[in-house]
Amino acid sequence: MEFETPIVPRANDRLSADYLRFDGAGAHLVGQRCEACGMQLFPKTGVCPGCQSEHLTDVALPRNGTLYSWSVVHVAPKPWVTPYVIGYVDLPDDVRVFAHIGGDPQALSIDMPVSLHAAPTVAEEREPGTPLFTFNPVSTENS
């Protein structure tokens, strides 16, 4: 899916600052790794759910994963534009991310490979170009 609105990270955008970072290779999610037990987490939290340690370090999460499950949303509160797809993506190290899913909903399948991208939000009233993370099927990224 191609977007005409450029993606511009903003320093004051909480989503960009806390969860989504940009580098030379593109966007990546920022999670945490527990220093005590090694568990990786997303989204960030103050305490590890595995061992209750408060010693957590920010880590860049992998950009690629597999689609665990999804749903097409046809009715949503304003300002969201429908339909859109949401779902769970499994990343390596047992991290499961809830996110928007790009591509044709009819072409989605469980366990299909997906990769992370930044895309404009589907909310009408949000500032244009504000990034939202989405996972696109690997086989349809360039279509």
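Start counting the sequence shown at 1; every next residue gets the next number (the UniProt record's numbering).
Virtual Cβ for every residue (Gly too), placed ideally from N, Cα, C.
Find the nearest neighbour of residue i within the set the options, judged by alpha-carbon distance.
{"i": "residue 162", "options": "D18, F22 and Q40", "result": "Because residue 162 is not part of the residues shown, which for the chain are 1 to 143, the question remains open."}
{"i": "D111", "options": "D18, S69 and F22", "result": "S69"}
{"i": "P97", "options": "V81, P105, I86 and A107", "result": "Checking the sequence shown, residue 97 turns out to be Val, not Pro. Of V81, P105, I86 and A107, the residue nearest in Cα terms is I86."}
{"i": "C37", "options": "G24, L56, V30 and K78", "result": "L56"}
{"i": "S71", "options": "L108, G46, G50 and C48", "result": "L108"}
Could you spell out the range, first to last residue, of the beta strand (DSSP E) harbouring residue i?
{"i": "G24", "result": "Premise fails: G24 is in no beta strand (DSSP E) and is neither H nor E."}
{"i": "T57", "result": "L56 to A60"}
{"i": "I110", "result": "Note, I110: premise wrong, no beta strand (DSSP E); not H, not E."}
{"i": "V85", "result": "Y84 to L91"}
{"i": "H74", "result": "No beta strand (DSSP E) holds H74; DSSP gives it neither H nor E."}
{"i": "F42", "result": "Unbroken run through F42: none, as it is neither H nor E."}
Ordered along the chain, which non-local residues of its own chain (more than five positions away) have a Cβ less than 7 Å from that of residue i?
{"i": "H28", "result": "R21, A60, L61, R63 and L116"}
{"i": "P43", "result": "Y19"}
For residue i, I'd like the list of residues in its chain whose CB is within less than 8 Å of its CB, leaving aside the five on either flank, ordered along the chain.
{"i": "V73", "result": "W80, T82, P83, Y84, V85 and I86"}
{"i": "P49", "result": "M39 and L41"}
{"i": "C51", "result": "C34, A36, C37 and M39"}
Assuming contact is defined by CB atoms lying nearer than 8 Å, are residue i and residue j in contact in what I supplied?
{"i": "P113", "j": "T66", "result": "yes"}
{"i": "H100", "j": "T45", "result": "no"}
My understanding is that residue i touches residue j, with C-beta atoms under 8 Å, so please give their C-beta distance in whole angstroms.
{"i": "D58", "j": "V30", "result": "6 Å"}
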